[in-house]
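Q:
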Amino acid sequence: MKSIKKVLCSKIIIDDKYDFAKLLCENVFSTPRQFNSEKTVEVSHIEEKGDIITGILVSTQKNGIAPAHTPGDEEDYSAIPLKDGQGLAYPSVILYSKSTKVLLWEYNKSSLLEAGMSRFFQESAEYTAILPDTNIFLCPVLKTDAYERVKNLIQANEFEFQIASPTALLRADAKNNGSLGSIATVAGVFNASQSIKLTIKASKKESRGVNIKAILDTVNWLNSGTQIEEGRVKNSIVVKGLKVGDDELTLIEETINVVTDRLLEYFDLEQPVIASSLQVKDRKDGILKVYHTLYTDIKNIIGCV
633 MKSIKKVLCS KIIIDDKYDF AKLLCENVFS TPRQFNSEKT VEVSHIEEKG
683 DIITGILVST QKNGIAPAHT PGDEEDYSAI PLKDGQGLAY PSVILYSKST
733 KVLLWEYNKS SLLEAGMSRF FQESAEYTAI LPDTNIFLCP VLKTDAYERV
783 KNLIQANEFE FQIASPTALL RADAKNNGSL GSIATVAGVF NASQSIKLTI
833 KASKKESRGV NIKAILDTVN WLNSGTQIEE GRVKNSIVVK GLKVGDDELT
883 LIEETINVVT DRLLEYFDLE QPVIASSLQV KDRKDGILKV YHTLYTDIKN
933 IIGCV
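Below, the structure written as structure tokens:
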């Protein structure tokens, strides 16, 4: 049965004095870790070839496992036979590019997503005492289109900015930026430790609209990966404005959700009804094809030479 697998891209944010590739290859993340009451997580099948490191992130569910069931038979429920210590394995293939510091990963809702992987990598590194004074974060790689669409607006009428743990801005480079520095100051004054949300609208009498340069500064900051990534999934930037239509005569309303406009691709995987392996080679072949497809975009977005 053919299954379509989604691959997302995340920039690895780590202190320059540490090397994420080295941590991967030295099996820092290979020791199974109890992630929560149900899941144990590990990275296996690690291979390094030139600029690329591949592996399989495996989440094994050992508790709360649902029973087997035949649909339509209300009496047919039975425990799935598992040996002591076994669980159900949910794989997600990963590919790390050393030159771009970008991690490509297979989306698997039963495994870990961006915030979960950040936590897993961080806790694994802390446990081995390798990273006593820094953090590891995964930051979404946004399409260049996210920036260009905002840049090409004739007028921005509304700008909505939301970030989780905004007081972290005070510790980030962004505090030196004019528009972001102001947001950081507000967050600090009100001790907005959980989240802050700003909606800025231009008056209908104001022909210039919202300052697009200030919006672009914020989009650049989000796309650069320099910000603190606490509660990343709650962050959002939404811009509403006017753009020139295809006929170059009319103005059309445009809504741009910057955070959701992220770089992604897909690969096909032939999967059995009941898997007996992680299909390591097939998964790695699939994500390698995705990497080669996205390579130029990743280089341009990250700014690598």
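Under the working numbering, the first residue of the sequence shown carries the number 633, and numbering increases by one thereafter.
All C-beta atoms in this analysis are idealised placements derived from N, C-alpha and C, irrespective of residue type, glycine included.
None of these values were measured; they are calculated from a predicted model.
1) Could you have a look at SER868 and say whether DSSP puts it in helix, strand or coil?
2) Whole angstroms is fine: what's the gap from GLY719's alpha carbon to GLY687's?
3) Pairs of beta-carbons, one from the stretch 897–906 and one from the stretch 871–879, closer than 8 angstroms: are there three or more?
4) Leaving out five residues on either side along the sequence, give the residues of the same chain with a beta carbon under 7 angstroms from the beta carbon of ASN767.
5) Can you tell me whether PRO664 is buried or exposed, with buried defined as 16 or more other CB within 10 angstroms of its CB?
6) Between CYS657 and the rest of its own chain, which residues show a CB-CB distance below 7 angstroms, the 5 nearest in sequence each way excluded?
7) So, with DSSP's three-state summary, where would you put ILE844?
8) Per the DSSP calculation, TYR709 is bridged to which residue(s)?
9) Candidates ASP879, GLU780 and GLY717: which alpha carbon is nearest LYS671's?
10) Could you give the distance in angstroms between the alpha-carbon of ILE919 and the alpha-carbon of VAL821?
11) Using the Cα positions of SER742 and LEU736, report the straight-line distance between them to the nearest angstrom.
12) May I have the straight-line CA-CA distance separating ASP878 from GLU886, to the nearest angstrom?
13) Since ALA978 sits in a beta bridge, which residues does DSSP pair it with?
14) If you draw a straight line from the alpha carbon of ASN659 to that of LYS733, how long is it in whole angstroms?
15) On a CA-only basis, which of ASP647, ASN740, ILE646 and PRO703 is nearest THR692? Give me that one, please.
A: In this structure, then:
1) strand
2) 20 angstroms
3) no
4) GLN754
5) exposed
6) ILE678, GLU680 and ILE685
7) helix
8) HIS701
9) GLY717
10) 45 angstroms
11) 17 angstroms
12) 13 angstroms
13) The structure shown does not extend to residue 978, since the chain is modelled only from 633 through 937, so no value can be given for it.
14) 18 angstroms
15) ASN740
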